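Novice: So the sequences go chain by chain: E and A. Basically this note's numbering = 1-based index in the first sequence + 1210. Basically this note's numbering = 1-based index in the second sequence + 1210. All residues carry an ideal CB built from backbone N, CA and C; glycine is no exception. Since the structure is predicted, the reported quantities are computational estimates derived from the model, not experimental observations.
There are 2 protein chains.
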Amino acid sequence: MKLIGYFRSSAAFRVRIALNLKDITVEHAFRHLRRGEQSTPDYAALNPQKLVPALVLDSGEVLTQSLAILEYLEETHPEPPLLPKDPVGRARVRALALIPTADIHPIQNLRVMTYLRERCGQSEEAAFAWSRHWIETGFAAYEASVANDRRTGAFSHGDQPTMADLCLVPQIFNAGRFKVDMAKYPTLKRLFDTCMKHPAFDAAQPARQPDAEP
Amino acid sequence: MKLIGYFRSSAAFRVRIALNLKDITVEHAFRHLRRGEQSTPDYAALNPQKLVPALVLDSGEVLTQSLAILEYLEETHPEPPLLPKDPVGRARVRALALIPTADIHPIQNLRVMTYLRERCGQSEEAAFAWSRHWIETGFAAYEASVANDRRTGAFSHGDQPTMADLCLVPQIFNAGRFKVDMAKYPTLKRLFDTCMKHPAFDAAQPARQPDAEP
C-alpha cells in the first residue's frame, strides 16, 4: 500500500498513527499542499476530491477520506482495535472522532483560510481568530464530552488508543499554530500528553516525516 | 429511542432516512436551531456539542454526530444494510458519505454563516456565495467520484441505498436554498431523483416533519 500525504495535514497524520499502531508498513508519497500539488490533473485523477490523504491499495484501488481509511484499516487489520466492542462505546468513539474531523478541521483548513483571505477580504489576524474560534468551540465540546464520563480512561475511551485519540492529537498540533491555550481543556491536555508518550503517535507527528519543513 | 432533531437540519435528515429504511420507530423531539434551542443549558447537558441530532437510547445514553448514529443503527439493526459487505466497497461508501458530512455541510451550516455575517462583516450576498462555493466544490468531487465508476448503480453504490445516499440527499435539499444548478452534476441529479422516489427518503424530507415551517 502507498499513503499519499503531507507532513502537516491533520487528516494524513490520523492515518499515520493508525498505520503505526497496527504495525502496517506502507510506502509514503507526498503532495505539497501549500504548493497546490493536490490539485494537479494527475492527482485529481487519483482522488477527485483533491485532498490528502489517499491510500493506494496493492490492487490499485484508491481509498480517500481519513475516517473511511481508518475504518478500512480497522476492518482489514483488526489488531490492536481502534474501536471498542460494544455498539454504544463504538458510537461514542466515532462521535468524539467526528468533533475534530467534521466540526473543526474542515472549517479551518488551508482552502477555507485561503478563501477567507482572498475572497472575503479578511486580514491574517481575522483569519487567525476564525481558526481559533472553531478550534476552541470544538475543544470545549470534546472537553465537556470526556471530562466527567466514566468511560474516559488514560485515553479518550478506556485505556487504549481509539480513533478518537487519532483524530484529537493532530487537531491539538494544529491548535498550537493558532496559539490556543490548552490549559482551558485540562482533560484534552492530559490525553494529548499520554498519547505523545506512545511511540506510534510520536513517530507520526509532522516534524518526523520525510517531507517535513521547519 | 428518541431522536432530537430539527426539520431543516441536514444531519437530522440523514438519521431520519436511516430510521425509515430500517423501519425503526422512535419518538421525535425538536430543537429550533434558528431560535438557538440547541444552546440551552438543558440541551448542552444532553449534548455538549450543542448540535442536532442526538439519539437518546432507552437506557438513557445519548448518541451524537449523525455519522456515528448511522454506524450505530447499522450495527444494531443490520437489515437492510446501509454499507456493502466488502471492505473496499465500505470504504468507498464512507468516503462518499464524508464529502457532504465533513467537507461541505460543516463549512456552511448555520453557525458558520452567522459568524461570517456578524464577525467577518460579510453581506448576505457574500455569505450566500460562500455557501454555494463549498457546495459546488464538494458536488464536483462527488460527481467525479461516481460518474464513471462501475460500482455506481441506481444509487451511489450499487442498486440499494447506502450511507452515501443518506448524506447526499439532504445536501442537495440544502443546495436548493443556495440556487446551486444541479444540471452541472448529472449523476447526482439522477441519484437524487431515484432516492426521492423511495418512501423512506420522501417521508424524511424537511417539509414532512411535524416541526416544519414554510
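On a CA-only basis, which of A:S1366, A:V1390 and A:F1388 is nearest F1402 (chain A)? Give me that one, please.
Specialist: Of the candidates A:S1366, A:V1390 and A:F1388, the one whose C-alpha sits nearest the C-alpha of F1402 (chain A) is A:S1366.
Novice: Mind checking which residues open and close the alpha helix (DSSP H) that includes H1242 (chain A)?
Specialist: Neither: H1242 (chain A) is in no alpha helix (DSSP H) and is coded neither H nor E.
Novice: Taking the runs of the alpha helix (DSSP H) that are 4 residues or longer, which of them lie wholly in the segment 1363-1420 of chain E?
Specialist: Correct list: 1373-1387, 1396-1406 and 1409-1414.
Novice: Classify G1348 (chain A) as buried or exposed, calling it buried when 16 or more other Cβ atoms lie within 10 Å of its own Cβ.
Specialist: Flag for G1348 (chain A) reads buried.
Novice: Less than 8 Å between the beta carbons of N1257 (chain E) and T1274 (chain E), yes or no?
Specialist: Yes. Within cutoff.
Novice: Between the alpha carbons of S1269 (chain E) and L1292 (chain A), how many angstroms are there, rounded?
Specialist: Approximately 25 Å between the Cα atoms of the pair.
Novice: Does DSSP put T1235 (chain E) in a helix, a strand or coil?
Specialist: Three-state result, T1235 (chain E): coil.
Novice: Between the alpha carbons of M1190 (chain A) and P1263 (chain A), how many angstroms are there, rounded?
Specialist: Here chain A covers residues 1211 to 1424 and nothing more, so residue 1190 (chain A) does not appear.
Novice: With respect to the alpha helix (DSSP H) encompassing I1214 (chain A), which residues constitute its N-terminal and C-terminal limits?
Specialist: Segment K1212 to G1215 is the beta strand (DSSP E) holding I1214 (chain A); no alpha helix (DSSP H) there.
Novice: Applying the criterion that 16 or more other CB atoms from any shown protein chain within 10 Å of the CB defines a buried residue, is R1329 (chain A) buried or exposed?
Specialist: Burial call: exposed.
Novice: Check the DSSP bridge columns for T1274 (chain E) and list the partner residues they point to.
Specialist: In the DSSP output, where bridge partners are listed per residue, T1274 (chain E) has E:A1264.
Novice: Mind pulling the chain E residues with CB within less than 9 Å of Y1216 (chain A)?
Specialist: Near Y1216 (chain A) there are no residues of chain E at all, since even the closest Cβ is about 16 Å away, more than 9 Å.
Novice: With three or more C-beta pairs closer than 8 Å as the rule, is the segment 1301-1317 of chain E touching the segment 1305-1318 of chain A?
Specialist: Flag = yes, the segment 1305-1318 of chain A and the segment 1301-1317 of chain E touch.
Novice: With a threshold of 8 Å on Cβ separation, who are the neighbours of E1346 (chain E) within its own chain once the five nearest residues in sequence on each side are excluded?
Specialist: Hits under 8 Å: V1390 and K1394.
Novice: Is it the case that the CB of K1232 (chain A) approaches a heavy atom of the ligand FAD more closely than 7 Å?
Specialist: Looking at this structure, you won't find the ligand FAD or any other ligand, since it has none at all.
Novice: Strictly under 8 Å for the Cβ-Cβ distance: is I1309 (chain E) near chain A by that measure?
Specialist: Yes, because at least one Cβ of chain A sits closer than 8 Å to the Cβ of I1309 (chain E).
Novice: If you measure between the beta carbons of P1297 (chain A) and Y1282 (chain E), is that distance less than 8 Å?
Specialist: Taking 8 Å as the Cβ cut-off, P1297 (chain A) and Y1282 (chain E) qualify as a contacting pair.
Novice: Would S1448 (chain A) pass as an interface residue toward chain E - the criterion being a Cβ-Cβ separation below 8 Å?
Specialist: Here chain A covers residues 1211 to 1424 and nothing more, so residue 1448 (chain A) does not appear.
Novice: So which residues on chain E does H1343 (chain A) lean against when the C-beta distance must stay under 9 Å?
Specialist: Those within 9 Å of H1343 (chain A) in chain E are Y1325 and R1329.
Novice: I want to verify the contact list: residues of chain E whose CB lies under 8 Å from the CB of D1313 (chain A), in sequence order.
Specialist: Residues of chain E passing the Cβ test: Q1259, L1261 and P1316.
Novice: Whole angstroms is fine: what's the gap from R1244 (chain E)'s alpha carbon to E1285 (chain A)'s?
Specialist: Each residue's alpha carbon lies about 40 Å from the other.
Novice: What residues of chain E sit near R1300 (chain A), judged by a beta carbon separation below 9 Å?
Specialist: Near R1300 (chain A) (Cβ distances below 9 Å), the residues of chain E are A1278, E1281, Y1282 and E1285.
Novice: Going by beta-carbon coordinates alone, are F1338 (chain A) and F1383 (chain A) separated by less than 8 Å?
Specialist: For F1338 (chain A) and F1383 (chain A), no; Cβs fall outside 8 Å.
Novice: Taking DSSP as the reference, what is the three-state secondary structure of H1315 (chain E)?
Specialist: If DSSP states are grouped into helix, strand and coil, H1315 (chain E) belongs with the helices.
Novice: Can you tell me where the alpha helix (DSSP H) holding A1351 (chain E) begins and where it ends?
Specialist: Residues E1334 to V1356.
Novice: Among A:W1340, A:T1311 and A:A1364, which one has its Cα closest to the Cα of M1323 (chain A)?
Specialist: For M1323 (chain A), the nearest C-alpha among the options comes from A:W1340.
Novice: Are the beta-carbon atoms belonging to A1417 (chain A) and I1227 (chain A) less than 8 Å from one another?
Specialist: Not in contact: A1417 (chain A) and I1227 (chain A) (Cβ atoms no closer than 8 Å).
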